[in-house]
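Down below is the structure, laid out as structure tokens.
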Amino acid sequence: MSERRLPVYILVDTSGSMRGEPIHSLNVGLKAMEQALRRDPFALDTVHLSLITFDLEARELFPLTPLDAVRIPEIEVPSSGATFLGAALDLLVQRVDRDVRRGSETQHGDWRPMVFVMTDGAPSDTQAYKEATAAVKQRDFARIVACAAGPKARVEALRELTDTVVSLDTLDGAMFAQFFQWVSGSIAAGGRSGPDAGDALPALPSELRIAI
Amino acid sequence: MNDIIELKTWQGEAVAFEDAVIGSGAMKDVCFSPDRSYVIGFFREPQGAATRERLRVICEDYRAGIFGQVGGDYWRDLLCWPSGVVEYQGRVGVVVPVYAPQFFFEYGSANNDMLGIKGREKEGKWFASANNQARFLDPRERGHWLNYLLICTRIARAVRRMHAAGLAHSDLSYKNVLVDPRSGSACIIDLDGLVVPGKYPPDVVGTPDFIAPEVVMTAHLPHASPERKLPSIATDRHALAVLIYMYLLYRHPLRGCKVHDPDPSCDEALAMGERALFVEHPQDPSNRICVADARPSELPWCDTQRMPYTLTGPYLTPLFERAFTAGLHDPRLRPSAEDWEFALVRTADLSLPCANRGCIQGWFVFDNRRVPSCPFCGTPYPWPLPLLNFYSSRHGDSFRPDDQRLMVYTGQSLFEWHVNRYLAPNERLTQAQQARVGYFELRQGTWWLVNERLPQCRDLSAGRDVAVGERVALRDGLQLLLSREAGGRLALVQMAGAA
Chain A
1 MSERRLPVYI LVDTSGSMRG EPIHSLNVGL KAMEQALRRD PFALDTVHLS LITFDLEARE
61 LFPLTPLDAV RIPEIEVPSS GATFLGAALD LLVQRVDRDV RRGSETQHGD WRPMVFVMTD
121 GAPSDTQAYK EATAAVKQRD FARIVACAAG PKARVEALRE LTDTVVSLDT LDGAMFAQFF
181 QWVSGSIAAG GRSGPDAGDA LPALPSELRI AI
Chain B
1 MNDIIELKTW QGEAVAFEDA VIGSGAMKDV CFSPDRSYVI GFFREPQGAA TRERLRVICE
61 DYRAGIFGQV GGDYWRDLLC WPSGVVEYQG RVGVVVPVYA PQFFFEYGSA NNDMLGIKGR
121 EKEGKWFASA NNQARFLDPR ERGHWLNYLL ICTRIARAVR RMHAAGLAHS DLSYKNVLVD
181 PRSGSACIID LDGLVVPGKY PPDVVGTPDF IAPEVVMTAH LPHASPERKL PSIATDRHAL
241 AVLIYMYLLY RHPLRGCKVH DPDPSCDEAL AMGERALFVE HPQDPSNRIC VADARPSELP
301 WCDTQRMPYT LTGPYLTPLF ERAFTAGLHD PRLRPSAEDW EFALVRTADL SLPCANRGCI
361 QGWFVFDNRR VPSCPFCGTP YPWPLPLLNF YSSRHGDSFR PDDQRLMVYT GQSLFEWHVN
421 RYLAPNERLT QAQQARVGYF ELRQGTWWLV NERLPQCRDL SAGRDVAVGE RVALRDGLQL
481 LLSREAGGRL ALVQMAGAA
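Same order as they appear, the protein sequences are chains A and B. No gaps in the numbering here: position 46 of the first sequence is 46 in this note's numbering, and each next residue is one more. No gaps in the numbering here: position 279 of the second sequence is 279 in this note's numbering, and each next residue is one more.
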């Protein structure tokens, strides 16, 4: 068989509050992550990446794509807009159901997928968010990491989605760079070992905190 | 400018490091020395007494045992051995030499280094994957197949040396072996995880793809459980066999089409553990690689019909069979590192340059056919091919075959280890024994052996001595005595190839 695929979904907040420096920093961070992953021979052989953005609606910027074919586009932000994280998770669940290969008698399944969610606020579609988190929990993800970026991000809301919530104090370039460096480290570690071989995440950079 | 911190190793040597992390591994943060001749890798987590003691004996007793003997310098290129242990602000650090320059990419990836890997370490995974080889590496980084044989030889030799000292690497994988296919060199790194006899073993299971089935099967048990199988010399032997298979055939020996469980984690654990099955098992075809499912970049390597393991020749074939059939689930039957080294050395002598200049592999193993052809590109060997079959005397005048052959082609040489069966090309050779004793040349359609340093060489067929400086024409059936000393050999010439 070919190497088992490792599906990785990245969900990023493009609500109005991300305008200006935050979205610029985010773009730089995503680009750096793409480059770091492409330098890793394990990730190149296994990782398939998809990027979903969410503001007033959820958009799949690109579906699950082999890493070497991924070109992360410059992400733009509308002038204003809500944070429809529920819609984004709903789209995620649809895509996982459609694209992740399950094992069968004759076909090896993909690794269980990894999800990284980054938001600087709180979900505005609270009912949809509630339903979507329930749907997410019914799926079999290897790892869900939520990143609460900046002072307005609501950690408690993200706790409903996952136990692993990372807080960034500010929305500047250095913070994003470190966060995405950490994300690429996590993905690469999954590519080396399968995402569930050992539950250890790579060591966190010293400037990030795991929210308590 | 970073601060420079000076300290002394437990071994009493003065060392220093720049206070800036240049890279981080799974367990350690790495800092450069000011002169960049070594690095210090600091464990992020506090290390207990057992680990400290283990690191100390690796850097002292075992280091002295391997490097302190005659020929010890040989291992500096093959084993990146820690030279000392330090402690700074409560963190334990290991002092390790920097890697040699050939282990960093000069060109990197294809299309003007599209991936941006120039200058980075040549981690083995780049070369052990058909997909990475075909799609990403710059062709100038790929090297030819004879160099992969050399790489495997050096890895096997280094592992043999560690095992001879009673040490197991415990995490042998393409992650912990740097290779350079351009020169055929290899170096084993991350030696601070060695399993030392009588010391508490390190808490590693190894790298997926390389973990022995018995370790995978018992990984769920507590570390101290008597049923739990921990990394050992026997598990190193499994990892070594996988490594060699992957460097020569660019595919994994156990990853076939057989699905053991719909859940990927269970499937993986069974495929690498309890139900591990060789994809080319001679009797059980149920785990063959499904060519239809393969990515185009993995072809032809994942087509085991086209690229069977038997193309590695008569010495390696039985070892692969032992390692991946009976030895897969019975560690006692696995070939040793010495077995692999021996077979690889003989396979290199049995290799031929491919006549097709465009052949990516460039070399192949002679298959005992009158007109051999390259299994990689299909090109027949278009030239006359003399081959020397070696015999040696056990007592008196009776010479018996040594199951060793040397292919003759332009640029081929004869060495002491061909002339005497007691010698092998390894760390024990003296400088004098490393120099060639003769060479071959093609003149006006005839192949000649030119005697440079064989004082007792005699053409037995013609009944005349071949003095140093003279040459002898190679012809079918020629019997050439190369040495009269103990272990001295006789070569019987066969002529194959195009007439």
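Even glycine gets a Cβ: it sits at the ideal position worked out from N, Cα and C.
Quick one: what's residue 145 of chain A bridged to in DSSP?
-> Taking the first residue of the first sequence as 1, we reach residue 145 of chain A at position 145. Partner(s): A:116, A:164.
Among B:318, B:93, B:167, B:436, which one has its Cα closest to the Cα of residue 24 of chain B?
-> What you label residue 24 of chain B is simply residue 24 of the second sequence in a count that begins at 1. Here the closest residue by C-alpha is B:93.
Residue 104 of chain B (DSSP reduced to helix, strand or coil) = Taking the second sequence and counting its residues from 1, the one referred to as residue 104 of chain B is at position 104. Strand, per DSSP.
Check the C-beta distance from residue 96 of chain B over to residue 15 of chain B and give it rounded, since I have them as a contact under 8 Å.
-> As a working mapping, residue 96 of chain B is identified with position 96 in the second sequence. As a working mapping, residue 15 of chain B is identified with position 15 in the second sequence. The pair is not a contact, with the Cβ atoms about 11 Å apart (cut-off 8 Å).
Nearest CA to the CA of residue 517 of chain B: which residue from B:98, B:443, B:130?
-> Outside the shown range of chain B, which is 1 to 499, sits residue 517 of chain B, and nothing can be said about it.
Beta-carbon proximity list for residue 59 of chain B, same chain, < 7 Å, skipping 5 on both sides | By one-based count along the second sequence, residue 59 of chain B stands at place 59. Here the set comprises 11, 82, 83, 84, 85.
Residues, ordered as in the chain, of the region 254–286 of chain B that lie near chain A by beta-carbon distance below 8 Å = 255, 256, 257, 259, 261, 262, 263, 264, 265, 267, 268
Under 8 Å by Cβ, that's how I've got residue 334 of chain B and residue 234 of chain B pegged, so tell me the actual separation to the nearest angstrom.
-> Taking the first residue of the second sequence as 1, we reach residue 334 of chain B at position 334. Taking the first residue of the second sequence as 1, we reach residue 234 of chain B at position 234. About 6 Å; that satisfies the 8 Å criterion.
Per DSSP, cross-strand counterpart(s) of residue 473 of chain B = What you label residue 473 of chain B is simply residue 473 of the second sequence in a count that begins at 1. Per DSSP, B:448.
Taking Cβ positions, are residue 315 of chain B and residue 343 of chain B nearer each other than 7 Å?
-> Residue numbering aside, residue 315 of chain B sits at position 315 when the second sequence is read from its first letter. Residue numbering aside, residue 343 of chain B sits at position 343 when the second sequence is read from its first letter. In this structure, residue 343 of chain B lies closer than 7 Å to residue 315 of chain B by Cβ.
Beta-carbon gap between residue 375 of chain B and residue 366 of chain B smaller than 7 Å | Numbered from 1 along the second sequence, position 375 holds the residue referred to as residue 375 of chain B. Numbered from 1 along the second sequence, position 366 holds the residue referred to as residue 366 of chain B. In this structure, residue 366 of chain B does not lie closer than 7 Å to residue 375 of chain B by Cβ.
For the alpha helix (DSSP H) that residue 385 of chain B lies in, which residues bound it at each end?
-> In the second sequence, residue 385 of chain B corresponds to position 385, counting from 1. Taken as a continuous stretch (DSSP letters only), residue 385 of chain B belongs to no alpha helix (DSSP H), being part of the beta strand (DSSP E) at 384–395.
Could you confirm whether any beta carbon from chain B is found closer than 7 Å to the beta carbon of residue 108 of chain A?
-> Position 108 of the first sequence, counting from 1, holds the residue named residue 108 of chain A. Taking Cβ atoms only, chain B reaches closer than 7 Å to residue 108 of chain A, which makes this a yes.
Using 10 angstroms around the beta-carbon of residue 491 of chain B, count the other beta-carbons present and answer buried if the total reaches 16, otherwise exposed.
-> Locating residue 491 of chain B in the second sequence gives position 491, where the first residue counts as 1. Answer is buried; the Cβ neighbour count reaches 16.
Measure from the C-beta of residue 117 of chain B to each C-beta in chain A and report whether the shortest distance is under 7 Å.
-> If you number the second sequence from 1, residue 117 of chain B lands on position 117. Yes - at least one Cβ of chain A is within 7 Å of the one on residue 117 of chain B.
Mind the definition here: the region 206–215 of chain B touches the region 52–71 of chain B only if three or more C-beta pairs lie below 8 Å; say whether that holds.
-> The region 206–215 of chain B vs the region 52–71 of chain B: no contact.
Using the Cα positions of residue 75 of chain A and residue 125 of chain A, report the straight-line distance between them to the nearest angstrom.
-> Position 75 of the first sequence, counting from 1, holds the residue named residue 75 of chain A. Position 125 of the first sequence, counting from 1, holds the residue named residue 125 of chain A. Distance between the alpha carbons of residue 75 of chain A and residue 125 of chain A is about 22 Å.
Considering only C-alpha positions, which residue in the set A:144, A:8, A:168 is nearest to residue 160 of chain A?
-> As a first step, residue 160 of chain A must be located in the first sequence, where it is residue number 160. Nearest C-alpha to residue 160 of chain A: A:144.
Anything in chain B within Cβ reach of residue 95 of chain A, meaning under 7 Å, just list it in chain order.
-> If you number the first sequence from 1, residue 95 of chain A lands on position 95. Residues of chain B whose Cβ lies closer than 7 Å to the Cβ of residue 95 of chain A do not exist, since the nearest Cβ in that chain is about 18 Å away.
When you compare each of B:391, B:463, B:203, B:232 to residue 489 of chain B by their alpha carbons, which one comes out closest?
-> On the second sequence, position 489 is the one that residue 489 of chain B refers to. That would be B:391, whose Cα lies nearest to the Cα of residue 489 of chain B.
Between residue 78 of chain B and residue 62 of chain B, what straight-line distance do the alpha-carbon atoms span, to the nearest angstrom?
-> Taking the first residue of the second sequence as position 1, residue 78 of chain B is located at position 78. Taking the first residue of the second sequence as position 1, residue 62 of chain B is located at position 62. Between residue 78 of chain B and residue 62 of chain B, the C-alpha separation is close to 15 Å.
Short-range partners of chain A found in the region 118–134 of chain B, where Cβ spacing is below 7 Å = 120, 123, 125, 126, 129, 131, 132
Residue 99 of chain A at chain C interface by Cβ criterion, 7 Å = The chain inventory of the structure shown lacks chain C, comprising the protein chains A and B.
In the DSSP assignment, what are the bridge partners of residue 399 of chain B?
-> Residue 399 of chain B sits at position 399 when you count from the first residue of the second sequence. Note: residue 399 of chain B sits in a beta bridge opposite B:393.
Cβ contact (3+ pairs, closer than 8 Å) linking the region 444–458 of chain B and the region 473–480 of chain B = yes
Cβ pair residue 54 of chain A, residue 88 of chain A closer than 7 Å = Counted from its first residue, the first sequence places residue 54 of chain A at position 54. Counted from its first residue, the first sequence places residue 88 of chain A at position 88. Yes, the Cβ-Cβ distance between residue 54 of chain A and residue 88 of chain A is below 7 Å.
Residue nearest to residue 129 of chain A in terms of C-alpha spacing, selected from A:45, A:18, A:85, A:113 = By one-based count along the first sequence, residue 129 of chain A stands at place 129. Considering only alpha carbons, the answer is A:85.
Under 8 Å by Cβ, that's how I've got residue 184 of chain B and residue 132 of chain B pegged, so tell me the actual separation to the nearest angstrom.
-> One-based indexing of the second sequence puts residue 184 of chain B at position 184. One-based indexing of the second sequence puts residue 132 of chain B at position 132. Actually they do not touch by this definition, with Cβ atoms about 19 Å apart.
Taking C-beta to C-beta, are residue 405 of chain B and residue 454 of chain B nearer than 7 Å?
-> Within the second sequence, the letter at position 405 stands for residue 405 of chain B. Within the second sequence, the letter at position 454 stands for residue 454 of chain B. For residue 405 of chain B and residue 454 of chain B, no; Cβs fall outside 7 Å.
Test: residue 103 of chain A CB closer than 7 Å to a CB of chain B = Here residue 103 of chain A refers to the residue found at position 103 of the first sequence. With 7 Å as the cut-off, residue 103 of chain A counts as an interface residue toward chain B.
Considering only residues of the same chain and omitting the five flanking positions on each side of residue 216 of chain B, which have a CB-CB separation below 7 Å?
-> Working through the second sequence from its first residue, we reach residue 216 of chain B at position 216. 269, 272, 273.
Closer than 7 Å, CB to CB, is residue 7 of chain A near chain B or not?
-> In the first sequence, residue 7 of chain A corresponds to position 7, counting from 1. Output row for residue 7 of chain A: interface = no.
Give a yes or no on whether the minimum CB-CB distance between residue 111 of chain A and chain B is below 7 Å.
-> Taking the first residue of the first sequence as position 1, residue 111 of chain A is located at position 111. So yes, residue 111 of chain A belongs to the interface.
Which residue or residues does DSSP assign as beta-bridge partners of residue 353 of chain B?
-> The count along the second sequence starts at 1 and reaches residue 353 of chain B at position 353. Residue 353 of chain B pairs with B:363.
Residue 516 of chain B bridges to which residues according to DSSP?
-> Because chain B in this structure spans residues 1 to 499, residue 516 of chain B falls outside the shown range and cannot be described.
How many angstroms separate the CA atom of residue 89 of chain B from the CA atom of residue 52 of chain B?
-> Along the second sequence, read from residue 1 onward, the residue named residue 89 of chain B stands at position 89. Along the second sequence, read from residue 1 onward, the residue named residue 52 of chain B stands at position 52. If I take the Cα positions, the gap works out to 15 Å.
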